[in-house]
Every structure is written in C-alpha cells, then in structure tokens.
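Just below is one structure, and these are the notes that go with it.
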Amino acid sequence: MLRCWMRSGPAHWSSKVAATIYTPCWFVRTKGITRMKQVIYLGATEGYEATKAALEGVAKVQHVAAEQPDVAAALRTADGLLDASMKTRITDDMVSAAPNLKIISCATTGSDHIARAALDARGIPVRTLKEDPNVLRNITPAAEHSWALLMACARKLPAAVSHVTGGGWTREDFPGVMLKGKRLGLVGCGRIGGWMSRYANAFGMEVIGFDPHLANFPDTISPRSLEEVVTTSDFVSIHVHLSPETEGLVSRELVEKMKPSAILINTSRGGIVDEAALYDAIESGHLGGAGLDVLKGEPDTTDHPLVILSRTHPNLLITPHCGGFSPDAVRLVCTHAAGKIRKTLQGAEP
Numbered sequence: 121m122l123r124c125w126m127r128s129g130p131a132h133w134s135s136k137v138a139a140t141i142y143t144p145c146w147f148v149r150t151k152g153i154t155r156m157k158q159v160i161y162l163g164a165t166e167g168y169e170a171t172k173a174a175l176e177g178v179a180k181v182q183h184v185a186a187e188q189p190d191v192a193a194a195l196r197t198a199d200g201l202l203d204a205s206m207k208t209r210i211t212d213d214m215v216s217a218a219p220n221l222k223i224i225s226c227a228t229t230g231s232d233h234i235a236r237a238a239l240d241a242r243g244i245p246v247r248t249l250k251e252d253p254n255v256l257r258n259i260t261p262a263a264e265h266s267w268a269l270l271m272a273c274a275r276k277l278p279a280a281v282s283h284v285t286g287g288g289w290t291r292e293d294f295p296g297v298m299l300k301g302k303r304l305g306l307v308g309c310g311r312i313g314g315w316m317s318r319y320a321n322a323f324g325m326e327v328i329g330f331d332p333h334l335a336n337f338p339d340t341i342s343p344r345s346l347e348e349v350v351t352t353s354d355f356v357s358i359h360v361h362l363s364p365e366t367e368g369l370v371s372r373e374l375v376e377k378m379k380p381s382a383i384l385i386n387t388s389r390g391g392i393v394d395e396a397a398l399y400d401a402i403e404s405g406h407l408g409g410a411g412l413d414v415l416k417g418e419p420d421t422t423d424h425p426l427v428i429l430s431r432t433h434p435n436l437l438i439t440p441h442c443g444g445f446s447p448d449a450v451r452l453v454c455t456h457a458a459g460k461i462r463k464t465l466q467g468a469e470p
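Counting in this note's numbering, the sequence shown runs from 121 upward without gaps.
This is how it looks when you write it as structure tokens:
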C-alpha cells in the first residue's frame with residue numbers, strides 16, 4: 121500500500137500562493153499498477169454526499185444503482201461497500217467475484233440481505249448500526265414512522281382523505297379509535313420500542329412489552345409474556361431483528377388470538393409475522409387493520425397477497441420499507457458507516 125499527498129484547493133488559486141494545501145490519498149499496488157481504493161455506495165443521494173466527504177482522500181466513492189447486475193459489476197473492483205438501501209441481495213457469488221473486497225458497512229441495523237458464507241470464509245467483516253447504540257440512540261425516524269402508521273390506522277386517515285378527494289363528506293364512515301386508555305403491546309422493547317412507549321405514554325396509553333433479551337425494562341413499559349402482549353393489546357407493534365429465533369415469532373395461533381378490531385404494526389421484518397395468518401385476519405374483519413413497512417420477499421412485492429388485499433381493505437396500510445429513511449438521519453448514519461470503511465482501508469479495526 122502506498123500513501124501519497126494530493127494537492128487541493130480552488131483551481132483559480134495563483135501558483136505564487138506560498139502555502140499549498142495537501143490532502144492524504146491512499147492507493148493500492150496491484151500487479152505493478154497503482155490504483156486508488158474504490159468504495160461503492162448504495163442508497164439515497166444525501167448519504168452518497170456524506171459518504172464521499174467521510175472518505176475523502178482515502179477512497180473514490182461510486183454511487184451505484186441498486187440493481188443486482190450493476191452492483192455485481194461494480195463490486196468486482198471494489199475495496200469496500202457501503203449499503204444504505206438494503207434493496208440488493210449480496211450473494212456469495214458476488215463476493216467471490218470481488219477479490220479486493222475488505223469490508224461491507226451497512227448504514228442500517230439489519231443485514232439479512234447479505235449472504236455470509238463467502239464473506240466469512242475470507243474473514244471480511246459486515247458492520248451494521250446494531251453495534252452502535254450511541255449512534256442509534258439519536259436516530260428516531262423508524263419509531264416515528266411506526267407511530268405514524270399506528271395513528272393512521274387508528275383514525276382511518278388514508279381512507280378518509282381518499283373519501284374527500286373523491287367528492288365525499290360523510291364523517292360517520294370513518295370512526296376513529298381514542299388512544300387514551302388503550303393498551304399498546306410491544307414485541308421488542310429496545311431503542312425503537314422504547315421510543316414507542318414514550319409516545320404512547322404521552323397519549324395516555326397503557327404500555328406492556330415482551331423482550332427476553334432486556335434485563336431492565338424502562339419505567340414506561342410493563343414486562344409481560346409474548347402471548348399476553350399479542351393477545352390482550354389494542355395495538356401490537358413489532359420491533360425485533362429477524363433471526364432464527366424471531367422468524368415466525370408472531371404465529372398464526374397468536375394472530376388468531378388477537379383482540380377483535382386490534383391493529384398490528386410491523387416495521388421490523390416481514391418474516392417475523394405469519395403473513396398468511398395476518399391476511400386471513402384482515403380479510404375476515406377480525407383485525408381492525410395493520411400498518412406494515414416490511415413484507416417477506418421485498419422488494420419484489422407486486423404479487424404479494426397483502427399488497428393485493430390492501431387494494432380492497434383501506435385500513436391495511438403498507439409503505440415501501442421507508443420507515444428509517446430521513447435525509448437528516450441518512451447523512452448521520454452514512455457518515456458513521458463510512459468511518460468504519462475508512463478505518464479498515466487504513467489498516468485499523470473498523
């Protein structure tokens with residue numbers, strides 16, 4: 121590895137200026153050819169600009185469309201990948217065809233879209249925000265989106281808005297649920313669950329929660345069993361990571377035991393809930409609605425049964441996994457994720 125210094129500064133500066141500014145730039149020597157390190161970025165423009173700034177002088181950053189063929193092609197010469205979109209599945213074949221790859225850093229808490237066999241075989245780390253509680257503590261968009269879905273379902277907002285834009289004005293068709301005095305059940309009481317409990321407390325709701333990994337529950341949540349949380353709550357909101365332990369956690373048996381007219385919110389991962397059971401519960405009218413930001417098999421959801429059902433059931437609200445997306449948050453998390461790549465490319469632990 122070679123380290124050089126590149127001259128920088130406005131092009132119009134006079135050559136007579138006594139002090140010249142230089143910035144460090146890292147290169148890699150490959151088969152006698154020296155090349156600058158390459159990092160590919162997947163995600164929104166705001167994150168791209170933040171990533172470029174964080175890696176200035178260390179690597180050239182390429183913004184790649186989240187189409188798998190484009191990502192696979194760019195990955196072949198990349199030293200690092202910063203994934204802020206989670207739209208592209210990173211396969212073992214893609215990793216095997218990327219001889220220079222040294223790190224994947226996700227500006228998200230999840231990484232279940234990334235195959236691990238080829239990465240683990242080469243000792244390539246996958247870093248996520250899950251490792252960084254101090255950063256996550258200040259990231260609230262996912263919790264805010266979860267609460268927005270809860271409010272929208274409780275007040276039937278999309279249907280009411282559509283009714284008025286279609287020329288109607290019949291308020292009796294859109295009775296809302298008063299939140300004060302209702303029970304919110306949280307499956308997962310960590311960072312996002314904690315924010316949800318505080319929002320609910322502000323609205324005068326009772327909050328109970330299930331989280332086997334949490335030793336000390338906050339004062340805003342009363343610990344209960346999973347069955348009690350799911351089957352006795354007026355609103356159930358899911359905030360756990362997808363893992364072998366949590367896949368199918370909210371089973372058909374639990375969905376069928378939910379209170380009549382209860383509303384389910386899921387902004388975690390589609391595989392945590394038995395989606396076929398949820399479909400049946402909404403279609404039959406057993407549940408009052410659901411607010412979903414995630415679906416199993418996303419982003420290919422054109423023929424997803426729940427998407428099709430939502431066209432005829434206006435209180436089934438589905439958003440395109442955008443809960444964590446906010447330009448403010450994207451800039452913050454991408455800067456942090458890029459810092460891990462910077463350390464790795466400079467030979468330090470990320």
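Just so you know, even glycine gets a beta-carbon here, dropped at the ideal spot from N, CA and C. These figures come from a predicted structure and were not determined experimentally.
Alpha helix (DSSP H) segment containing residue i, residue limits
{"i": "Lys460", "result": "447-465"}
{"i": "Lys172", "result": "165-174"}
{"i": "Val255", "result": "253-256"}
{"i": "Val181", "result": "Val181 -> not in any alpha helix (DSSP H); beta strand (DSSP E) instead, spanning 180-183."}
{"i": "Ser404", "result": "That residue, Ser404, is in no alpha helix (DSSP H); it is neither H nor E in DSSP."}
{"i": "Asp212", "result": "212-216"}
Cβ shell of residue i (< 6 angstroms), same chain only, five flanking positions each side left out
{"i": "Met325", "result": "Leu299, Lys302, Leu304"}
{"i": "Cys454", "result": "Gly167, Ala170, Thr171, Ala204, Ala227"}
{"i": "Ala164", "result": "Val450"}
{"i": "Leu346", "result": "Phe330"}
{"i": "Asp339", "result": "none"}
Under the three-state DSSP convention, the category residue i falls into
{"i": "Gly409", "result": "strand"}
{"i": "Leu299", "result": "coil"}
{"i": "Ser225", "result": "strand"}
{"i": "Gly286", "result": "coil"}
{"i": "Arg444", "result": "Looking at the sequence shown, residue 444 is not Arg but Gly. Looking at Gly444 - three-state DSSP - the assignment turns out to be coil, as it is neither helix nor strand."}
{"i": "Asp199", "result": "coil"}
{"i": "Asp293", "result": "helix"}
{"i": "Leu277", "result": "helix"}
{"i": "Ile392", "result": "helix"}
{"i": "Leu415", "result": "coil"}
{"i": "Ile244", "result": "coil"}
{"i": "Gly305", "result": "strand"}
{"i": "Ile234", "result": "strand"}
Residues near residue i in its chain [Cβ-Cβ closer than 7 angstroms; skip 5 each side]
{"i": "Thr260", "result": "Trp315"}
{"i": "Leu175", "result": "Val159, Val181, Ala458, Ile461, Arg462"}
{"i": "His441", "result": "Asp413, Val414, Glu418"}
{"i": "Thr150", "result": "In this prediction, Thr150 has a pLDDT of 47, which is less than 50 and means its spatial position is unreliable; nothing more can be read from the coordinates."}
Distance between beta carbons of residue j and residue i, contact taken as under 8 angstroms
{"i": "Thr387", "j": "Gly443", "result": "5 angstroms"}
{"i": "Val307", "j": "Ala274", "result": "So it is not a contact: roughly 18 angstroms between Cβ atoms."}
{"i": "Val284", "j": "Leu465", "result": "No, Val284 and Leu465 are not in contact; Cβ-Cβ is about 54 angstroms, not under 8 angstroms."}
{"i": "Thr366", "j": "Ile392", "result": "5 angstroms"}
{"i": "Ala237", "j": "Leu221", "result": "The pair is not a contact, with the Cβ atoms about 14 angstroms apart (cut-off 8 angstroms)."}
{"i": "Leu436", "j": "Ile402", "result": "5 angstroms"}
{"i": "Ile312", "j": "Ala263", "result": "5 angstroms"}
{"i": "Leu407", "j": "Leu384", "result": "6 angstroms"}
{"i": "Ile234", "j": "Ile210", "result": "4 angstroms"}
Sequence-distant residues of the same chain with beta carbon closer than 8 angstroms to residue i, five excluded per side
{"i": "Val184", "result": "Ile160, Tyr161, Leu162, Asp190, Val191, Ala194"}
{"i": "Glu395", "result": "Leu415, Lys416, Pro425, Leu426"}
{"i": "Ser371", "result": "Asp394, Ala397"}
{"i": "Leu249", "result": "Cys226, Ala227, Thr228, Thr229, Val255, Leu256, Ile259, Val453, His456, Ala457"}
{"i": "Ala217", "result": "Ala192, Leu195, Arg196"}
Bounding residues of the beta strand (DSSP E) (the contiguous stretch that carries residue i)
{"i": "Val159", "result": "158-162"}
{"i": "Leu429", "result": "Taken as a continuous stretch (DSSP letters only), Leu429 belongs to no beta strand (DSSP E), being part of the alpha helix (DSSP H) at 425-430."}
{"i": "Leu437", "result": "436-438"}
* Asked: In chain order, which alpha helix (DSSP H) runs of at least 4 residues are fully inside the stretch 346-384?
  -> Restricting attention to alpha helix (DSSP H) runs no shorter than 4 residues, the stretch 346-384 encloses them at 346-352, 372-377, ordered along the chain.
### Task
Could you tell me which uninterrupted beta strand (DSSP E) segments, each at least 3 residues in length, are contained entirely in the stretch 322-346, listed from first to last along the chain?
Entirely contained in the stretch 322-346, the beta strand (DSSP E) runs reaching 3 residues are, in chain order, 326-330.
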